[in-house]
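*Asks:*
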Amino acid sequence: MTEIFEAIKESAKQIKSIIELGDSSKSDSSNSTGDTQLKLDIASDIVIEEIFGKISSVKQIVSEEKDEIFTINPEGKYLIAYDPLDGSSLVDVNLSVGTIYGIYENEFNGKNLKASAYIVYGPNVDLVFCDGTASKLYRLRNNEFVFLKDLKLQNTGLFVATGSTQQCWYPHHKKMVDDMFESGYKLRYSGGMVPDLHQILVKGGGLFSYPGASDKPKGKLRQLFEVFPFALVFECAGGGAIDGQERVLNVPTTHIHDTSPCFFGSLKELEFVKQAYNG
Ligand code: F6P
Ligand code: MN
């Protein structure tokens, strides 16, 4: 696991440099889910592929940008799913973007997630690494990641971040969000899941949701690359992550690009979700 952590740090430094080159133009290709790829998405993907391709403890890697799983070392222990540059369309408006990693064993599914990590590229470059017991926050200082603190959620927070197209929300979701605003919660949503979730984690509580809706009943966020890695971080920070009712890490995966409705937050906010989604 140490060499994987080192590889994550190295790839973060290289992706930071790629973002700083400032080329946020589109490429001629689209990824497996049909999103137009930016040159930045492709360059970040290549950085991770090259770095992880040299690690003998890695059996397989799969990128959110690709359709296939690549085998690195058939004898390796770990399976890595990664989103090289989440929210990349926000680079041209100068909002924060991120990289996400899920580190699995045996099979790519929630129950086999052993560790996870994400990086936020913003005014600072922050890295959170979760080994399955604690979610640790590091910050890039003089080209080295320095440990800042363990992330710990309070029982409740102030913020609500909720995605998807409001017109397509189901009535029970709309009612839940309206009730939360009525009771004093504030909206915080940039459209990049990494900074939006990081905000809730660093500020100590709240709720992020990407619900199922009439246009996308299973939501938009991908289980292996986005939902499961953050679910582990939230659980290890004293909060949780559910699909509306169930622990989202128990939801089965049948295809690498499966999506799942998801709700991440502190424990009190997850109770609101369970009540709103009950039945
Ligand atoms: O990768 C998906 C993503 O860019 C997330 O970072 C973000 O939370 C979500 O899409 C935003 O989607 P929407 O605009 O539908 O709320
Ligand atoms: Mn993404």
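For what it's worth, this note's numbering labels the leading residue of the sequence shown as 72, then goes sequentially.
Idealized CB from N, CA, C, for every residue including glycine.
Bridge partners for Asp157 per DSSP, in chain order?
*Replies:* Numbered from 1 along the sequence shown, position 86 holds the residue referred to as residue 157. As DSSP reads the structure, Asp157 sits in a beta bridge with Gly169.
*Asks:* So, Tyr153 versus Ser128, is the Cβ gap smaller than 8 Å?
*Replies:* Position 82 of the sequence shown, counting from 1, holds the residue named residue 153. Position 57 of the sequence shown, counting from 1, holds the residue named residue 128. Against a cut-off of 8 Å, the Cβ pair of Ser128 and Tyr153 comes out as no contact.
*Asks:* Just to check, is the beta-carbon of Glu136 closer than 7 Å to a non-hydrogen atom of ligand 2?
*Replies:* Taking the sequence shown and counting its residues from 1, one reaches residue 136 at position 65. The answer is no for Glu136.
*Asks:* When a residue counts only if its C-beta is closer than 5 Å to some heavy atom of ligand 2, which residues count, in chain order?
*Replies:* Asp154 and Asp157
*Asks:* Out of curiosity, what's the CA-to-CA distance linking Ala78 and Thr204?
*Replies:* For the purposes of this step, residue 78 is identified with residue 7 of the sequence shown, where counting begins at 1. For the purposes of this step, residue 204 is identified with residue 133 of the sequence shown, where counting begins at 1. Whole-angstrom Cα-Cα distance: 20 Å.
*Asks:* Hey, quick one: how far does the beta strand (DSSP E) through Glu215 stretch, first residue to last?
*Replies:* As a position in the sequence shown, residue 215 is number 144, starting the count at 1. Where Glu215 is concerned, the enclosing beta strand (DSSP E) stretches over Glu215 to Asp221.
*Asks:* DSSP puts Ala186 in a beta bridge; with which residues?
*Replies:* To locate residue 186, count along the sequence shown from 1; it is residue 115. Partner(s): Ile174.
*Asks:* When every heavy atom of ligand 1 is checked, does at least one fall within less than 7 Å of the C-beta of Ser280?
*Replies:* Numbered from its first residue, the sequence shown carries residue 280 at position 209. It does not: the Cβ of Ser280 is nowhere closer than 7 Å to a heavy atom of ligand 1.
*Asks:* Hey, how far is the Cα of Gln131 from the Cα of Ile171?
*Replies:* Counting from one through the sequence shown, the residue named residue 131 turns up at place 60. Counting from one through the sequence shown, the residue named residue 171 turns up at place 100. Their Cα atoms are separated by approximately 16 Å.
*Asks:* Can you list, in chain order, the residues of its chain with a C-beta nearer than 7 Å to that of Thr227? Leave out the 5 residues immediately preceding and following it.
*Replies:* Numbered from 1 along the sequence shown, position 156 holds the residue referred to as residue 227. Excluding positions up to five away in sequence, the list reads Gly276, Ser337, Lys339 and Glu340.
*Asks:* Assess contact between the segment 252–269 and the segment 311–331, defined as three or more Cβ pairs (one per stretch) separated by less than 8 Å. Is contact present?
*Replies:* no
*Asks:* Would you tell me roughly how many angstroms separate the C-alpha atoms of Asn183 and Tyr175, rounded to the nearest one?
*Replies:* Here residue 183 is taken as the residue at index 112 of the sequence shown, counted from 1. Here residue 175 is taken as the residue at index 104 of the sequence shown, counted from 1. Going by the C-alpha atoms only, they are around 5 Å apart.
*Asks:* Go to Ile132, then tell me how far its alpha helix (DSSP H) extends in each direction, as first and last residue.
*Replies:* Within the sequence shown, residue 132 is the residue found at index 61, counting from 1. Premise fails: Ile132 lies in the beta strand (DSSP E), Val129 to Ser134, not in any alpha helix (DSSP H).
*Asks:* According to the neighbour-count rule (16 or more other Cβ atoms, all chains shown, within 10 Å of its Cβ), is Pro288 buried or exposed?
*Replies:* Here the question's residue 288 lines up with position 217 in the sequence shown. Counting Cβ neighbours within 10 Å, Pro288 comes out exposed, since fewer than 16 surround it.
*Asks:* Quick one: using the 10 Å Cβ neighbour count with 16 as the cut-off for buried, is Val20 buried or exposed?
*Replies:* Residue 20 cannot be examined here, being either before or after the span of the chain that is shown, 72 to 350.
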